[in-house]
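Residue numbers (my numbering), protein chains in the order written: chain S, 85 to 325; chain W, -13 to 570.
For each residue, glycine too, the CB sits at the ideal point set by N, CA and C.
These numbers were taken from a predicted model, which means no experiment stands behind them.
Down below is the structure, laid out as structure tokens.
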């Protein structure tokens, strides 16, 4: 299913790469507003990555969709300003999440092999799974179990960062939760919040690349500043002391 | 102890820090009178002239006194044959040689790099060390006494204060904020919105304002900014905080000089990026960039500042001779730590620690500078990037899995892209230094990197290498074809900083094998004379070579067109003459 890699797809940037594979649900329930929001969010994400000096050549993106079948919408090394990803559509009733994830992991592993062969350094890959349902279709549960096992093995050895994201109330959060051994609860969002979700993914990738944020921090997101807020008077008192 | 007491010493080992801090002051004048009227001889290390070169190139007005004193000292003491060089850059070897002099003492200051290295490495120096500060002179019998009395800085307690200022003011375009002297600063166009704050152009030319976001101003940050502003560093290439900014009496940010260009991480990002930004670059430009950066970092070290978070994105570049250090407010000053850093550029000994909770040492900074030198010379590559390597870069670094060999015996693990050729064409000295650091874990001092790069640059300028590939940005690789196409002659501006001297590294150098060297007037004169020539020769050489050897396609076409026009005109005249003759 996964194609061999071409040296030219890796570019000649010397930056340490962050491979990110999106596994996106394109089952029937995503039709309409959710898929539209997903496309907008993903477009904004890629555009912000490409306009940031730090992340432009460091972030490596692939997109896999799972619906009627599993499809590699965009393999690694193909997205550029001139070549945006094609619009993602939803149309069927099947949800082969497991197959989608296994395909994503295959892509990530192949990409890592490519990096190793060329001498390109990389951050541990991200697998971003976004679904609004539960596994459906022939062998869907068996494949999902395989996918969970593979993700858990890699994640526990710090070889993968998993973002397990459930959309709306229909997402099977119990099975999504099992995808990660490090994240206490799956990330739950409403489809209207896709823009915030992708903003968060964008800023997280930028933090990893620019500020050396550790992978573990990606599992424990806190927007609250550490420490105590103090008044101007108290502040200057500290300085005098 | 009084400055006049120095006259009792036969050999005074003068550390550059004394000249930097007290040059141009009455204390220096007293020092100078003392040594002029006594039998004392002055000894300096090979780093003396290099430090001065770094200082002069920063063109900071506050250093004018230092430059004047340097000139006086060199001119008069050289004429009197009382000025000698201890030809070592390495602090350990320098101290060893200095200890063997007759009745010696080391004259230095508390902010000195030398002093820091003595304390940090616990060097045993069994000769007196005289430390000068504003209050007077303190004499230590030996390094044991010095170290006992002056342990390395202990970290400020502010580093552990995790409170932050509760600001409820919001600054935007057209707002006016005030400096500590109540000088108004109008915020004009917003340049960027980063993680810590926003940067605005201001109504003052060449000055930008950084306004911090809520929750960002901690006591450590403000204490550091206050100290930075008081230091008064105004070098153009160092975007140093100039004034603190307040809004209704509440701290909101600071002004700083405006840097220009792209971040180094954008330019030094492999062949496409670097050629795209600087299509005419040759290897000498890469070396020049590294030299210019190192000069700035060494200049900071002279002021008891460690940059700490050294990495390619913390500098801007608009040309190889125009680089700017940015994000300076993170640096370590005295006992105020640098709270940030990346694993890639940081000494492995510091990994896993909270950067905010300890003070970095010179040797940590030396490692980061080695990383910087490698990254620049290899156009952005990490020294531990290797083929078929370990799963993580962390493992590669910890294993010192440096894929380059001194004997070029195995290039299999060097990343693809022509980097093996960059390594092959580096001078032996730099190859050895890089190998020692990244494979063997040795450390070289900041000034040693600077010296090695100056030597490399001189080799390239003086056309030492017979193989033309040695001059290419990417030797023996197709990327360099664009460098071949157009080479514009570059005119290097002569230095105009008042009160400054450029010290040519080459002419100042004595035999590297001898321990001490008498510096004579001829040496000094040749140095003085060599400076402008050095610049002019450089530009004229480049210009000549570009005209003779590297004509552009357009120039070739133009010259061939001119030749053709002359021939056609000549033929027309001949035909007209013949027709005229026939008619006649």
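Contact residues within the stretch 206 to 226 of chain W, judged by C-beta distance below 9 Å to chain S: 208, 209, 212
query: residue 269 (chain S): buried (16+ other C-beta within 10 angstroms of its C-beta) or exposed?
result: Locating residue 269 (chain S) in the first chain gives position 185, where the first residue counts as 1. The residue in question, residue 269 (chain S), is exposed, as its Cβ has fewer than 16 Cβ neighbours within 10 Å.
- request: Would you check whether the ligand SAM has a heavy atom nearer than 8 Å to the C-beta of residue 168 (chain W)?
  value: With respect to the ligand SAM, the structure shown offers nothing to examine, as it has no ligands at all.
message: Taking the alpha-carbon of residue 129 (chain W) as reference, which of W:117, W:123, W:122, W:121 has the nearest alpha-carbon?
response: As a working note, residue 129 (chain W) is residue 143 in the second chain. Looking at the Cα atoms, W:117 is the closest of the given residues.
message: With a threshold of 8 Å, are at least 3 pairs of Cβ atoms found where one atom belongs to the stretch 167 to 183 of chain W and the other to the stretch -2 to 11 of chain W?
response: no
- request: Quick one: give me the first and last residue of the alpha helix (DSSP H) that residue 225 (chain S) is part of.
  value: The residue labelled residue 225 (chain S) in the question sits at position 141 within the first chain. Per DSSP, residue 225 (chain S) belongs to the alpha helix (DSSP H) from 224 to 240.
query: When you compare each of W:91, W:33, W:141, W:100 to residue 125 (chain W) by their alpha carbons, which one comes out closest?
result: One-based indexing of the second chain puts residue 125 (chain W) at position 139. Answer by Cα proximity: W:91.
- prompt: Taking 9 Å as the CB-CB limit, is residue 96 (chain S) close to chain W?
  reply: Locating residue 96 (chain S) in the first chain gives position 12, where the first residue counts as 1. With 9 Å as the cut-off, residue 96 (chain S) counts as an interface residue toward chain W.
task: Would you kindly check if the distance between the Cβ of residue 162 (chain W) and the Cβ of residue 198 (chain W) is under 9 Å?
output: Along the second chain, read from residue 1 onward, the residue named residue 198 (chain W) stands at position 212. Along the second chain, read from residue 1 onward, the residue named residue 162 (chain W) stands at position 176. No.
task: Using a threshold of 9 Å, state whether the C-beta atoms of residue 243 (chain S) and residue 303 (chain S) are closer than that.
output: Position 159 of the first chain holds residue 243 (chain S). Position 219 of the first chain holds residue 303 (chain S). No, these two residues do not count as a Cβ contact at 9 Å.
message: Tell me the rounded alpha-carbon separation between residue 263 (chain S) and residue 373 (chain W).
response: The residue given as residue 263 (chain S) occupies position 179 in the first chain. The residue given as residue 373 (chain W) occupies position 387 in the second chain. Taking the straight line from one Cα to the other gives about 31 Å.
task: Would you kindly check if the distance between the Cβ of residue 108 (chain W) and the Cβ of residue 133 (chain W) is under 9 Å?
output: If you number the second chain from 1, residue 133 (chain W) lands on position 147. If you number the second chain from 1, residue 108 (chain W) lands on position 122. Cβ atoms of residue 133 (chain W) and residue 108 (chain W): closer than 9 Å.
C-alpha gap between residue 297 (chain S) and residue 291 (chain S), whole angstroms: In the first chain, the residue the question calls residue 297 (chain S) occupies position 213. In the first chain, the residue the question calls residue 291 (chain S) occupies position 207. Cα-Cα distance, rounded: 6 Å.
- request: Under 8 Å by Cβ, that's how I've got residue 404 (chain W) and residue 463 (chain W) pegged, so tell me the actual separation to the nearest angstrom.
  value: Within the second chain, residue 404 (chain W) is the residue found at index 418, counting from 1. Within the second chain, residue 463 (chain W) is the residue found at index 477, counting from 1. So it is a contact: roughly 4 Å between Cβ atoms.
query: Can we say the stretch 211 to 223 of chain S touches the stretch 378 to 396 of chain W, given the rule of at least three CB pairs closer than 8 Å?
result: no
query: If you draw a straight line from the C-alpha of residue 336 (chain W) to the C-alpha of residue 447 (chain W), how long is it?
result: Here residue 336 (chain W) corresponds to residue number 350 of the second chain, with the count starting at 1. Here residue 447 (chain W) corresponds to residue number 461 of the second chain, with the count starting at 1. Approximately 39 Å, taken between the alpha carbons.
message: If the criterion is Cβ atoms closer than 9 Å, does the pair residue 150 (chain S) and residue 170 (chain S) meet it?
response: Residue numbering aside, residue 150 (chain S) sits at position 66 when the first chain is read from its first letter. Residue numbering aside, residue 170 (chain S) sits at position 86 when the first chain is read from its first letter. It is not a contact, given that the beta carbons lie outside the stated cut-off.
message: For residue 263 (chain W) and residue 256 (chain W), I'd like the C-alpha separation in whole angstroms.
response: Counting from 1 along the second chain, the entry for residue 263 (chain W) is found at position 277. Counting from 1 along the second chain, the entry for residue 256 (chain W) is found at position 270. Straight-line Cα distance between these residues: approximately 11 Å.
Sub-9 Å separation of residue 206 (chain S) and residue 118 (chain S) beta-carbons: By 1-based counting over the first chain, the position of residue 206 (chain S) is 122. By 1-based counting over the first chain, the position of residue 118 (chain S) is 34. It is not a contact, given that the beta carbons lie outside the stated cut-off.
field: Per DSSP, the bridge partner or partners of residue 196 (chain W)
entry: Counting from 1 along the second chain, the entry for residue 196 (chain W) is found at position 210. In DSSP, residue 196 (chain W) forms a bridge with W:185, W:240.
- prompt: To the nearest angstrom, how far is it from the Cα of residue 352 (chain W) to the Cα of residue 104 (chain W)?
  reply: In the second chain, counting from the first residue as 1, residue 352 (chain W) sits at position 366. In the second chain, counting from the first residue as 1, residue 104 (chain W) sits at position 118. In a straight line, the C-alpha of residue 352 (chain W) is about 15 Å away from that of residue 104 (chain W).
- prompt: Which chain W residues are close to residue 279 (chain S), counting only those with a beta carbon under 8 Å from its beta carbon?
  reply: Start at 1 with the first residue of the first chain, and residue 279 (chain S) comes out as number 195. None at all; the shortest Cβ gap to chain W is about 18 Å.
query: Are there 16 or more other CB atoms within 10 angstroms of the CB of residue 454 (chain W), so buried, or fewer, so exposed?
result: By one-based count along the second chain, residue 454 (chain W) stands at place 468. Exposed, since its Cβ has fewer than 16 Cβ neighbours within 10 Å.
query: To which residues does DSSP link residue 101 (chain S) through a beta bridge?
result: As a working mapping, residue 101 (chain S) is identified with position 17 in the first chain. Looking at the DSSP assignment, residue 101 (chain S) forms a beta bridge with S:206.
task: Write down the C-beta distance between residue 254 (chain W) and residue 261 (chain W) rounded to the nearest angstrom, noting that I regard them as a contact closer than 8 Å.
output: One-based indexing of the second chain puts residue 254 (chain W) at position 268. One-based indexing of the second chain puts residue 261 (chain W) at position 275. Wrong, their Cβ atoms sit about 12 Å apart, outside the cutoff.
message: Buried or exposed, going by whether 16 or more other CB atoms sit within 10 Å of the CB of residue 510 (chain W)?
response: Position 524 of the second chain, counted from the start, is the residue given in the question as residue 510 (chain W). Its pLDDT being 37, under 50, residue 510 (chain W) is placed unreliably by the model, and the measurement read from it follows with that caveat. So residue 510 (chain W) counts as buried.
- prompt: Would you say the stretch 220 to 233 of chain S touches the stretch 413 to 430 of chain W, given that touching needs at least three Cβ pairs under 8 Å?
  reply: no
query: So, helix, strand or coil for residue 246 (chain W), using DSSP?
result: Mapped onto the second chain, residue 246 (chain W) falls at position 260. Note: residue 246 (chain W) maps to coil in three-state DSSP.
- prompt: How many Å lie between residue 321 (chain S) and residue 151 (chain W) at the Cα?
  reply: Residue 321 (chain S) sits at position 237 when you count from the first residue of the first chain. Residue 151 (chain W) sits at position 165 when you count from the first residue of the second chain. Their backbone Cα atoms lie some 12 Å apart in a straight line.
query: Exposed or buried, which one is residue 430 (chain W) when buried takes at least 16 other CB atoms within 10 Å?
result: Start at 1 with the first residue of the second chain, and residue 430 (chain W) comes out as number 444. Buried, since its Cβ has 16 or more Cβ neighbours within 10 Å.
query: If you follow the beta strand (DSSP E) that residue 159 (chain W) is part of, which residue opens it and which one closes it?
result: On the second chain, position 173 is the one that residue 159 (chain W) refers to. Segment: none, residue 159 (chain W) is in no beta strand (DSSP E) and carries neither H nor E.
- request: Note down the Cα distance separating residue 340 (chain W) from residue 245 (chain W), rounded to an integer number of angstroms.
  value: Taking the second chain and counting its residues from 1, the one referred to as residue 340 (chain W) is at position 354. Taking the second chain and counting its residues from 1, the one referred to as residue 245 (chain W) is at position 259. One C-alpha to the other measures close to 30 Å.
task: Show which residues of chain S have a CB atom less than 8 Å away from the CB atom of residue 150 (chain W).
output: The residue given as residue 150 (chain W) occupies position 164 in the second chain. The contacting residues are 309, 311, 312, 313, 314.
- request: Might you give, ordered along the chain, the residues of its own chain that have their beta carbon closer than 7 Å to the beta carbon of residue 110 (chain W), omitting 5 neighbours on each side?
  value: Counting from 1 along the second chain, the entry for residue 110 (chain W) is found at position 124. Within the same chain, residue 110 (chain W) has close Cβ partners 129.
- request: Report the neighbours of residue 114 (chain W) on chain S: residues whose CB is nearer than 9 Å to its CB, in chain order.
  value: Along the second chain, one-based indexing puts residue 114 (chain W) at 128. In chain order: nothing, as chain S lies at least about 38 Å away.
- request: Quick one: grab the DSSP three-state call for residue -5 (chain W).
  value: The count along the second chain starts at 1 and reaches residue -5 (chain W) at position 9. Coil, per DSSP.
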